[in-house]
Every structure is written in C-alpha cells, then in structure tokens.
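Enquirer:
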Amino acid sequence: MNNFYEQVYEVVKLIPKGRVTSYGAIASFLGSKGSARLVGWAMNQAHALVDVPAHRVLNRNGLLSGKHHFPTPTAMQQLLEDEGITVVNDQVENFDKVFWSPNELI
DNA sequence: GACATGACGGCAG
DNA sequence: CCTGCCGCCATGT
C-alpha cells in the first residue's frame, strides 16, 4: 500500500510549481514501465489527498484527461493557469517546456 | 473466482 | 499523418 502509490504521491508532490508531468513518465520512473494506468488509478486515490497536486499530472499528449474527476471540470485548468501554465482546448500549450521529468530528482 | 473497466502508452495498419 | 488495437496492474461488481 505504501509502495507504488506512496511513490507516485511523493513524485507528484515534488512537481515544481508551473510544471507538469505525465502518467507514463511517473510509471516509467517507478519501474512499472508501460503501466501508466496504475498511475491514473493512484491518482484516483490521490484525489483524497490534498497534498497531491493531481492537476499537474497529464497524459502524454498534455491533455487534461482527468479534468472530469475534479470537483468542477474547470478546476484543473484553473489551477494550471493560476500557476502560469497556458491551457487551450483542455490541452497544455508548450507542453514540452513545462514538462517536468521525475528524472530531474536524481 | 471471473469478467469488465479505467485520470494511459506504444505499435501496427 | 491519422486511426485503431493490444498490453499493463489494480479495483469494483
């Protein structure tokens, strides 16, 4: 229980403000390469943790695929824009620039 | 105990 | 270049 999920939460909590990452990047970083779905499932649990900025985790396309899981569909975009991230059509602009890889931790 | 689904990703056509 | 299918692990029914 405190293995994969806790690792995911820890990584997500370490995402710098104004930066985002992808499910696959986290999964690969944790060793469960290809199991991005697990990260998504972990995010579902993270929904209960206020310390986990799930809004900074997007899919590989930089699309706000999980916006529907927030209190309001616009909450995720609102939070990202509040951090200086430009979101257009539910997609992050300059995704490559704001993208943050867990490997940066090392 | 088995089947179906999900906040994804990669590869093939 | 765009679309579709399969694979991955865990959870819920």
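Take the first sequence: its position 24, counting from 1, is numbered 39 in this note's numbering, and each next residue is one higher.
Even glycine gets a Cβ: it sits at the ideal position worked out from N, Cα and C.
#1: Is the stretch 56 to 75 in contact with the stretch 86 to 105, if contact means three or more CB pairs nearer than 8 angstroms?
#2: Taking Cβ to Cβ, would you say ILE100 is nearer than 7 angstroms to VAL113?
#3: Hey, quick one: how far does the alpha helix (DSSP H) through ASP111 stretch, first residue to last?
#4: Use the C-beta contact count for PRO31: other C-beta atoms within 10 angstroms, 16 or more gives buried, fewer gives exposed.
#5: Rounded to whole angstroms, what is the Cα-Cα separation between PRO88 and GLY55?
#6: Which stretch, first to last residue, makes up the alpha helix (DSSP H) that contains VAL35?
#7: Assign LYS48 to one of two classes, buried (16 or more other C-beta atoms within 10 Å of its C-beta) or exposed (fewer than that).
Expert: Short version:
#1: yes
#2: In this structure, VAL113 lies closer than 7 angstroms to ILE100 by Cβ.
#3: 110 to 113
#4: Around the Cβ of PRO31, a 10 Å sphere holds fewer than 16 other Cβ atoms; the residue is exposed.
#5: CA-CA distance, PRO88 to GLY55, rounds to 17 angstroms.
#6: First-last for VAL35: undefined, no H or E at that position.
#7: exposed
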